[in-house]
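Residue numbering for the sequence shown is 376 to 581, as defined by the working numbering. This report refers to the structure that appears directly beneath it.
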Amino acid sequence: MNYRHLIFTSIAGMALSLTPALAQEAKKPEPKQETGAKPAAPAGAAPEAPALKEAPAAKEAAEAPNQSVPDYLDDRSTPEQLVKSYYNAINRQEYARAYSYYAEEGHTQPFPQFQAGYENTVSVELRLGKAESEGAAGSTYWSLPLAIESKQKDGKLTVYNGCYRLRLANAAIQGVPFVPLSILDGTLQKFDKPLDQSVPEGCEAP
């Protein structure tokens with residue numbers, strides 16, 4: 376009986392000594408995490424992939440504004456509209472169409488040479504005066520004063536002015552193929568004034 380009492384007393388003493396230690400372990404605070412820090416990944420988890428940075432060239436290309444292309448214009452109804460259509464073709468880089476606005480005898484150079492003349496041209500701005508007409512030998516001729524401002528790839532702007540001559544053979548008596556209103560020739564020279572002040576007051580008789 377004394378032995379049983381001794382064993383029970385020993386076990387009770389051990390339990391009393393372990394209880395404070397277990398309670399202290401249960402109350403132990405978790406380590407503080409720094410503000411803004413990401414929680415640690417669980418064991419065995421794949422590492423987080425680094426964020427991809429956008430390449431500077433791609434970013435600049437995305438932010439660069441698209442260069443505007445003028446709406447297509449192909450109108451031979453008047454000298455003014457034809458010349459507008461001609462420079463519309465130049466601004467759209469449709470050089471074969473621009474070349475087609477010249478009469479056959481107006482082609483003073485082969486097409487490849489004509490196209491090469493615009494290889495450094497970015498755009499052309501146009502101002503027109505009033506066309507003057509004159510009839511002769513079944514055709515109508517026009518002279519049209521104009522000024523242009525040419526923008527080159529290096530950013531240089533140059534103003535030119537001069538006159539274009541145009542012709543339309545009597546449409547009622549033409550055969551096939553029909554020849555529409557066309558540019559016969561044009562003379563342009565550099566001019567020192569701003570574009571809006573550069574259109575000639577008139578041209579010589581067509």
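Even glycine gets a Cβ: it sits at the ideal position worked out from N, Cα and C.
The Cβ atoms of Ser557 and Leu457 lie closer than 9 Å to each other.
For Ala491, the closest of Glu469, Asp567, Gly510 by C-alpha to C-alpha distance is Glu469. In this structure, Ser514 keeps its C-beta atom at 9 Å or more from the C-beta atom of Tyr539. Counting only runs that start and end inside the stretch 464 to 504, the beta strand (DSSP E) elements of at least 3 residues fall at 496 to 503. Rounded to the nearest whole angstrom, the C-alpha separation of Val534 and Lys565 is 6 Å. Look at Val458 here: in three-state DSSP terms it is helix. Scanning Leu541, Ala478, Arg467, Ser475 for the CA closest to the CA of Glu494 turns up Arg467. Straight across, the Cα-Cα distance linking Leu543 with Ser452 is about 10 Å.
If you draw a 10 Å sphere on the C-beta of Ser443, you find fewer than 16 other C-beta atoms in it, and that means exposed.
Comparing C-alpha distances from Pro454 to each of Tyr516, Gln484, Pro485 shows the shortest one belongs to Tyr516. Residue pairing by DSSP puts Pro520 in a beta bridge opposite Cys538. Leu563 carries a strand assignment under DSSP once its states are collapsed to helix, strand and coil. In this structure, the alpha-carbon of Val554 lies about 16 Å from that of Asp560. CA-to-CA, the gap between Tyr462 and Ala547 works out to about 28 Å.
Ranking Asp529, Lys568, Ala522 by CA distance to the CA of Gly577 puts Ala522 first. Apart from the 5 residues on each side of it in sequence, Asp450 sits with its Cβ closer than 6 Å to the Cβ of Gln456, Ser460 in its chain, given in chain order. The C-alpha of Gln527 lies about 31 Å from the C-alpha of Glu507.
Beyond the five residues adjoining it in sequence on each side, Leu570 comes within less than 7 Å, by CB distance, of Glu500, Arg502, Ala522, Glu524, Val534 in the same chain, given in chain order. Contact between Val497 and Asn536 fails: their C-beta atoms lie close to 20 Å from each other, not under 8 Å. A direct Cα-to-Cα measurement between Tyr476 and Asp446 gives close to 18 Å.
The beta carbons of Glu509 and Pro581 sit closer together than 9 Å.
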